[in-house]
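Asks: Mind looking over this structure? Questions follow.
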Amino acid sequence: MTDFLLWEMIERMSVAATLAFLLSQFSVFRRMIYRQGNFSEKAAITIIFGFIGILGTYAGIPVGDALANSRVIGVMAAGLIGGPIMGTAAGIIAGGHRYLLGGFTAFSCGISSICEGLLAGLIHRYYHEKLIPWWIAFFAGVVGEVMQMIIILLTAHPYDMARNLVDAIGMPMILVNSLGVAIFMLIIKTAMYTQEQVGAEQSHKALDIATKTLPYLRHGLDRSSAQATVQIIFNAGSYEAVAITDTEQVLAFVGVESTHHSADTLGLTLATSQVLSKGELYIAQNALEIGCSCKNCKLASAIIVPLKRANRIIGTLKLYYTRANAVGHGDRVFASGIAHLFSTQLELTEIDRQAKLVSRAELKALYAQINPHFLFNTLNTITSLVRTKPDLARELLLKLGAMFRHTLHKTGRNITLKEELSQVRAYLTIEQARHGEKLVIQEMISEEVEKYLIPTLTIQPLVENAIKHGLQPKENGGCIIISAKEDGQDIVITIRDDGVGMDVKGRCPLAAPAPECIGLSNVHERLRGQYGIGYGLSLLSAPGSGTTVTLRIPKRVYDEGEECA
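Quick note, the sequence shown lines up with residues 89 to 653 if you use the numbering used here.
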């Protein structure tokens, strides 16, 4: 009898194992595992586990006037997953049902169901991991079933019948139900681990693709960046076709049916239009839901996600299969992740673009203030030289024209150090004509550094500041030394004067710029904004000892986003 009962219970235990797998597929159940469920979700799961206990009762095997059953599996699983309240509540549901069925063990089974649910819940409370390991679940089942046998012996009457029942069902129920609780928890853990593994793999793939597409998307969303992006995703090998659209047309399409899904052929599909209007992810599991206007299109399922910038929809990412109903949970994780990363990159690109526009506008506004005063002084100088030194006046006019032409066309751009120095020399030619022998210029420029790029109009404001605030207050003028050299991976440019100097310890013009030092602070902030806080200007000065301004920028022979020659 014992061997027969054992195998019969093992056979019927498969029902609980199947239910465990089904439960693990629901998101509400997964939230419960991670201890994130709300009250209504916990109540719903408790009722489900209670009914699993009831099902275990109905699947029981009659033994005299009692049942050898697997009711404890549902009850203890509720406690191990949800805690004391869920375990006790599931025990009340399953145990109360068993009590209503009657029999000399009705009260004993009802009480033991509640006690077993409470026991499992206490284990959940004191075990702080997300999911109880199978071996702890097994020993919990052993303790719970032993407790049930003791309760039957203590409360069921007559005692002789209770003793005979425990002798008949004790070992099979302790062994099978403990194993059943362990298998229930093991199946749930395995199923959820598999889902987490898929999600982790998809997230890793999304990050890898985002890294590869970063150099292209940093220039914004256009046909060129979209084409490079879809090609990278398609090369990953997961999808039969990949596309990116803006709000009006297909920007790029790679893969199956690319001949009629390109920007120059068909317009947007119905599914794409729906995503653009609602701003929500859409899964099409058949060709009809995709809504392609080509009747013979081979694309049979797709997932479409919106691309956003500052909460405004600017396009979509579309991933296609040629099989119907092929889009799964992993595709949703991947598509959502990659679209979020793309949207973040596009938003950062726009922020960077706006910052550069603001910086350029501020720079132009600065030169709009400086140039009229400089132009007035220069024209006065040229006027005084027209009759006495006409050749010099002509040269100054040419230099002045070159300077303003440079300012007009190069403001806000990166140019070579050689071009920047040419602009500075034109400026200094004009200033030397005005100040004569009072202004001495020396250069120590390494030829190797002239090929590297520097933001335009970087050195000229520093030289102008040295002349205006360093040398002009001196009766006899002074000397300015301009030097440039390599220093590891950086370029170091120094503008040194022997003028009146300043008290940088009392008030550093880079930290708290005075109106007369706006040129210094402007250059400093532009360099930090473009290259980072490790770059910019540094000052060394003291009253009566002159000033040294050191400019440090990284070596670059091409702008970001351009190919190196």
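Every residue gets a Cβ at the ideal spot worked out from N, C-alpha and C, and that includes glycine.
A quick note: this is a predicted structure, and the numbers were derived from the prediction, not measured.
The alpha helix (DSSP H) spanning proline 191 covers which residue range?
Replies: On the sequence shown, residue 191 is found 103 positions in, with the first residue counted as 1. A small correction: the amino acid at residue 191 is glycine; proline does not occupy that position in the sequence shown. From DSSP, glycine 191 is part of no alpha helix (DSSP H); its letter is neither H nor E.
Asks: DSSP beta-bridge partners for glycine 636?
Replies: Translated into the one-based positions of the sequence shown, residue 636 becomes position 548. Residue 636 is actually threonine in this sequence, not glycine. Per DSSP, Arg584, Leu628.
Asks: So, helix, strand or coil for threonine 357, using DSSP?
Replies: Counting from one through the sequence shown, the residue named residue 357 turns up at place 269. Coil, per DSSP.
Asks: Please return the same chain residues whose Cβ sits closer than 7 Å to the Cβ of serine 424, not counting the five positions on each side in sequence.
Replies: Along the sequence shown, read from residue 1 onward, the residue named residue 424 stands at position 336. Closer than 7 Å at the Cβ level, and outside the excluded window around serine 424, lie Leu369, Val393.
Asks: Measure the C-alpha to C-alpha separation of leucine 387 and methionine 273 and round it to an integer number of angstroms.
Replies: Position 299 of the sequence shown holds residue 387. Position 185 of the sequence shown holds residue 273. Taking the straight line joining both Cα atoms gives about 40 Å.
Asks: What do you get for arginine 397, buried or exposed, if any count of 16 or more other CB atoms within 10 angstroms of its CB means buried?
Replies: By 1-based counting over the sequence shown, the position of residue 397 is 309. Classification of arginine 397: buried, given that the 10 Å Cβ count is 16 or more.
Asks: Assuming contact is defined by CB atoms lying nearer than 7 Å, are isoleucine 68 and isoleucine 199 in contact in what I supplied?
Replies: As displayed, the chain neither begins before 89 nor continues past 653, which places residue 68 out of reach and without an answer.
Asks: Assign methionine 89 to one of two classes, buried (16 or more other C-beta atoms within 10 Å of its C-beta) or exposed (fewer than that).
Replies: Looking up residue 89 in the sequence shown gives position 1. With a pLDDT of only 46 at methionine 89, under 50, the local geometry of the prediction cannot be trusted, and the value read off the model is given with reservation. Under this definition methionine 89 is an exposed residue.
Asks: Beta carbon of leucine 505, beta carbon of glutamate 483: below 7 Å?
Replies: If you number the sequence shown from 1, residue 505 lands on position 417. If you number the sequence shown from 1, residue 483 lands on position 395. Not closer than 7 Å, so no.
Asks: May I ask you to report which of helix, strand or coil DSSP gives tyrosine 247?
Replies: Counted from its first residue, the sequence shown places residue 247 at position 159. Note: tyrosine 247 maps to helix in three-state DSSP.
Asks: For the beta strand (DSSP E) containing proline 150, name the first residue and the last one.
Replies: Taking the first residue of the sequence shown as position 1, residue 150 is located at position 62. Element bounds for proline 150: 149-151.
Asks: Please list the terminal residues of the continuous alpha helix (DSSP H) segment that includes threonine 347.
Replies: If you number the sequence shown from 1, residue 347 lands on position 259. 346-349 is the span of the alpha helix (DSSP H), which, as asked, contains threonine 347.
Asks: Quick check on DSSP: helix, strand or coil for alanine 427?
Replies: Indexing the sequence shown from 1 puts residue 427 at position 339. In this structure, alanine 427 counts as helix in the three-state DSSP scheme.
Asks: Between Ile391, Gly558, Thr404, which lies nearest to histidine 417 when the distance is taken from Cα to Cα?
Replies: In the sequence shown, residue 417 corresponds to position 329, counting from 1. Considering only alpha carbons, the answer is Ile391.
Asks: Taking the alpha carbon of tryptophan 223 as the reference point, which residue from Ile641, Arg411, Val269 has its own alpha carbon closest?
Replies: Along the sequence shown, read from residue 1 onward, the residue named residue 223 stands at position 135. Ranking the options by Cα distance to tryptophan 223, first place goes to Val269.
Asks: Does the stretch 227-244 come close enough to the stretch 255-270 to have 3 or more Cβ pairs within less than 8 Å?
Replies: yes
Asks: Please classify alanine 324: does DSSP put it in a helix, a strand, or coil?
Replies: Taking the first residue of the sequence shown as position 1, residue 324 is located at position 236. In the structure shown, alanine 324 sits in coil (DSSP, three-state: anything other than H, G, I, E or B).
Asks: On the three-state DSSP scale, how would you describe glycine 565?
Replies: Locating residue 565 in the sequence shown gives position 477, where the first residue counts as 1. In the structure shown, glycine 565 sits in coil (DSSP, three-state: anything other than H, G, I, E or B).
Asks: Extract the residue ranges of the beta strand (DSSP E) inside the stretch 528-561, only unbroken runs of 3 or more that lie entirely within it.
Replies: 541-543
Asks: In chain order, what residues of the same chain lie with their CB nearer than 7 Å to the CB of leucine 598, ignoring the 5 residues before and after it?
Replies: To locate residue 598, count along the sequence shown from 1; it is residue 510. Within the same chain, leucine 598 has close Cβ partners Leu608, Ser609, His612, Leu625, Leu627.
Asks: If contact is defined by three or more beta carbon pairs under 8 Å, each pair taking one atom from either stretch, is the stretch 568-587 in contact with the stretch 630-643?
Replies: yes
Asks: Would you be able to state if there are at least three C-beta pairs under 8 Å between the stretch 178-194 and the stretch 141-156?
Replies: yes
Asks: Count the other CB atoms, across all protein chains shown, that sit within 10 Å of the CB of alanine 456; report buried if there are 16 or more and exposed otherwise.
Replies: As a first step, residue 456 must be located in the sequence shown, where it is residue number 368. Here the model assigns alanine 456 a pLDDT of 48, short of 50, so the residue's position is not dependable and the matter cannot be decided.
Asks: If I'm right that asparagine 564 touches lysine 593 with Cβ under 8 Å, what's the distance once you round it to whole angstroms?
Replies: For the purposes of this step, residue 564 is taken as residue 476 along the sequence shown, with counting starting at 1. For the purposes of this step, residue 593 is taken as residue 505 along the sequence shown, with counting starting at 1. Their Cβ separation, rounded to whole angstroms, is 27 Å, which puts asparagine 564 and lysine 593 out of contact at 8 Å.
Asks: What does the alpha-carbon distance come out to for the pair alanine 178 and histidine 212?
Replies: Along the sequence shown, read from residue 1 onward, the residue named residue 178 stands at position 90. Along the sequence shown, read from residue 1 onward, the residue named residue 212 stands at position 124. Taking the straight line from one Cα to the other gives about 15 Å.
Asks: Are the CB atoms of leucine 206 and glycine 232 within a distance shorter than 7 Å?
Replies: For this step, residue 232 is matched to residue 144 along the sequence shown. For this step, residue 206 is matched to residue 118 along the sequence shown. No. Outside cutoff.
Asks: What alpha helix (DSSP H) runs, 4 residues minimum, are completely inside the stretch 207-271?
Replies: 222-243
Asks: Looking at the structure shown, is lysine 526 part of a helix, part of a strand, or coil, going by DSSP?
Replies: Walking along the sequence shown from the start, residue 526 turns up at place 438. Helix, per DSSP.
Asks: Give the range of the alpha helix (DSSP H) segment to which arginine 159 is assigned.
Replies: Position 71 of the sequence shown, counted from the first residue, corresponds to residue 159. First-last of the alpha helix (DSSP H) with arginine 159: 159-170.
Asks: Note down, in chain order, each residue of its chain lying with its Cβ closer than 6 Å to the Cβ of isoleucine 371, except the 5 sequence neighbours on either side.
Replies: For the purposes of this step, residue 371 is taken as residue 283 along the sequence shown, with counting starting at 1. Cβ neighbours of isoleucine 371 beyond the five flanking positions: Ile391, Val415.
Asks: In the DSSP assignment, find the unbroken beta strand (DSSP E) run with threonine 333 in it and report its ends.
Replies: Translated into positions along the sequence shown, residue 333 becomes position 245. Residues 329-333.
Asks: Restricting to Cα atoms, I'd like to know which of Leu302, Ser431, Tyr327, Ile161 is closest to threonine 145.
Replies: Mapped onto the sequence shown, residue 145 falls at position 57. Looking at the Cα atoms, Ile161 is the closest of the given residues.
Asks: In its own chain, which residues sit with a C-beta less than 7 Å from the C-beta of tyrosine 619, not counting the 5 before and 5 after it?
Replies: Locating residue 619 in the sequence shown gives position 531, counting from the first residue. Ile641, Pro642, listed in sequence order.
Asks: Mapping the DSSP letters down to three states, classify valine 592 as helix, strand or coil.
Replies: Here residue 592 refers to the residue found at position 504 when the sequence shown is read from its first residue. In the structure shown, valine 592 sits in coil (DSSP, three-state: anything other than H, G, I, E or B).
Asks: For glycine 624, decide whether its Cβ has a neighbour in chain C, counting only Cβ atoms nearer than 7 Å.
Replies: The structure shown contains no chain C; it is built from a single protein chain.
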